[in-house]
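Residue numbers (full-length UniProt numbering): 1 to 503.
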């Protein structure tokens, strides 16, 4: 049996070839164009010497080339690895090496750091807009051949369980780990999600969530393509630009993190937004007041869901306006099971007094972590994926999040992992100890704070530390606030007590 996720594109292109698959500032990309260009890209990968199963890393913003590279990689039977355009050269090097990537695709704005990562790892770099330096390639070199592969046509007959996409996540500790998401898992996630809120071929989805993130990749790209809808591609979130696009392209489905929905409330222009019909919120808890204000302003309903990278973006959802519970993450998706368990894995009774860990199993849960059998075994116990998130289930079966894993910081919808930042801080010769925590922030949900003790006679300032971390970490990760202490509080075993720092 074979199944390739790219058949979603082929089916939609066959049904509606002239319909825009994507709207963007410079023009439209029809389904026929996307199908043709992704076939060219697939053949370009083969011509470059890559084989089925090889990993293609893409450090791209939201752009049509992202869609072409994504579906082209799938058609070639290879694994697509999207990474954040904000990652620095050391971070990119880690991803390239850990994933054993065979080809690296980037855009001109990151040409210097991408070139450094390519030179360090030996992974060939292809830049949008042409080659930038000797030894680098242009993206156009991967396009132009539309011939059909003599053995398996232009869509490789991959197995349903073959890894289609790698998305890196740290959980709450350690180096980022590559979550392996198969063709079938990704299809299950978008098909079930789309059917849940009635995705239609005449829908237009807002594509402003980062495509490299599992939320944007699964809930926006995969779901729209699966149901033959159109995507409005927006490179970055700016309120005016987003609202202009919503009005111009008659957007009907808005997908965003709470901070995006909250920011959209600030738009004061008179607009024709009559095509809007539903908003999907995820990535962090949506405040009830923001939900109410959003629904009042835009005259649509907001459905809040819950998921992780490891569950192909969604695991639970509020299924409709009639069935939803405000502040709840809803009920498990079709085919999924969720439980609340104690430290021994025993299921807890329903009720807000019985808080435990959320565990999940179902058709969209990942295969495991690439090259990390011990981490995979730790994540899966008795067949259940352990989320690390705390919550409870009420008497009606609705799930509620009490808290994220205790150390995880969610800044503007992005997961920020303290240990990764702490490792950078500890590498500085004038820093003796460091702990990274989150503090509440009205605009971003949480802000990153570093609590630091210096070595004797050190002259390091807060500005120095911020400047240092900026060179090592993506823009959303580095600490905005530095607090100096003589010594960090510790427990009897020498472990830093972050609870005291938060207090």
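Glycine included, every Cβ here is placed at the ideal spot set by N, Cα and C. Predicted model only: the values in this text are computed from it and were never measured.
Cutoff 8 angstroms: residue i Cβ touching any chain C Cβ
| i | result |
| --- | --- |
| residue 286 | No chain C is part of this structure, which consists of one protein chain only. |
Continuous alpha helix (DSSP H) stretch holding residue i: start and end
| i | result |
| --- | --- |
| residue 375 | 373-379 |
| residue 421 | 418-426 |
| residue 20 | Counting along the chain, residue 20 falls outside any alpha helix (DSSP H), though it belongs to the beta strand (DSSP E) covering 20-24. |
| residue 464 | 462-470 |
| residue 258 | 258-264 |
| residue 70 | 64-75 |
| residue 8 | 7-15 |
| residue 191 | 183-196 |
| residue 31 | 31-47 |
| residue 443 | Taken as a continuous stretch (DSSP letters only), residue 443 belongs to no alpha helix (DSSP H), as it is neither H nor E. |
| residue 216 | Segment: none, residue 216 is in no alpha helix (DSSP H) and carries neither H nor E. |
| residue 501 | 498-502 |
| residue 112 | 111-121 |
| residue 242 | 239-248 |
Bridge partners - residue i, DSSP secondary structure assignment
| i | result |
| --- | --- |
| residue 80 | 56, 165 |
| residue 385 | 360, 380 |
| residue 222 | In DSSP, residue 222 forms no bridge with anything. |
| residue 339 | 359 |
| residue 301 | 278 |
| residue 483 | 451 |
| residue 137 | 126 |
| residue 431 | 454 |
| residue 332 | 316 |
| residue 366 | Per DSSP, none; premise fails for residue 366. |
| residue 414 | 411 |
| residue 175 | According to DSSP, which records beta bridges pairwise, residue 175 is partnered with nothing at all. |
Whole-Å CB distance - residue i paired with residue j, under 8 angstroms assumed
| i | j | result |
| --- | --- | --- |
| residue 58 | residue 66 | 7 angstroms |
| residue 505 | residue 478 | In this structure the chain extends from 1 to 503, so residue 505 is not present and cannot be described. |
| residue 16 | residue 131 | Contact doesn't hold; Cβ gap of about 36 angstroms is too wide. |
| residue 252 | residue 209 | That pair is no contact at about 16 angstroms. |
| residue 234 | residue 205 | That pair is no contact at about 11 angstroms. |
| residue 142 | residue 41 | 5 angstroms |
| residue 412 | residue 169 | Not a contact, Cβ separation roughly 17 angstroms. |
| residue 454 | residue 472 | The Cβ separation is near 18 angstroms, so there is no contact. |
Selected residue, minimal CA-CA separation from residue i, among the options
| i | options | result |
| --- | --- | --- |
| residue 55 | 38, 63, 164 | 164 |
| residue 389 | 401, 503, 383, 204 | 401 |
| residue 425 | 248, 112, 482 | 482 |
| residue 531 | 64, 296, 257 | Nothing can be reported for residue 531, as the shown portion of the chain is limited to 1 through 503. |
| residue 504 | 456, 189, 144, 24 | Nothing about residue 504 can be read from this structure; the chain reaches only from 1 to 503. |
| residue 264 | 311, 240, 102, 175 | 240 |
| residue 27 | 110, 177, 64, 36 | 64 |
| residue 24 | 471, 62, 227 | 62 |
| residue 358 | 376, 398, 334 | 398 |
| residue 531 | 303, 103, 60 | The question about residue 531 has no answer, for the chain in this structure spans 1 to 503. |
| residue 175 | 194, 95, 238 | 95 |
| residue 159 | 187, 148, 167 | 187 |
| residue 229 | 464, 178, 459, 12 | 12 |
| residue 379 | 337, 105, 361 | 361 |
| residue 249 | 145, 268, 272 | 272 |
| residue 422 | 346, 496, 214 | 496 |
| residue 302 | 382, 296, 284, 280 | 280 |
Endpoints, beta strand (DSSP E) assigned at residue i
| i | result |
| --- | --- |
| residue 106 | 101-106 |
| residue 230 | 230-233 |
| residue 204 | 204-207 |
| residue 155 | Element bounds for residue 155: n/a, residue is neither H nor E. |
| residue 409 | 409-411 |
(request) Decide yes or no for the touch test of the segment 434-444 against the segment 413-425: beta carbon pairs closer than 8 angstroms, at least 3 of them. (result) With the cut-off at 8 angstroms, the segment 434-444 and the segment 413-425 touch.
(request) Take every Cβ of the segment 128-135, pair it with every Cβ of the segment 144-162, and state whether three or more of those distances are shorter than 8 angstroms. (result) The segment 128-135 makes no contact with the segment 144-162, as fewer than three CB pairs between them are under 8 angstroms.
(message) When you compare the segment 111-130 with the segment 83-90, are there three or more beta-carbon pairs, one atom per stretch, that lie closer than 8 angstroms?
(response) Output reads yes: the segment 83-90 touches the segment 111-130.
(message) Tell me whether the segment 321-332 and the segment 174-193 touch, counting them as touching only if at least three CB pairs, one residue from each stretch, are closer than 8 angstroms.
(response) no
(message) I want to know whether the segment 285-296 touches the segment 363-373 - three or more CB-CB distances under 8 angstroms.
(response) no
(request) Determine, using beta-carbon pairs with one atom in the segment 311-318 and one in the segment 211-226, whether at least three such pairs fall under 8 angstroms. (result) Contact holds: three or more Cβ-Cβ distances are below 8 angstroms.
(request) Tell me, please, whether the segment 36-47 touches the segment 192-212 by the rule of three or more beta-carbon pairs shorter than 8 angstroms. (result) no
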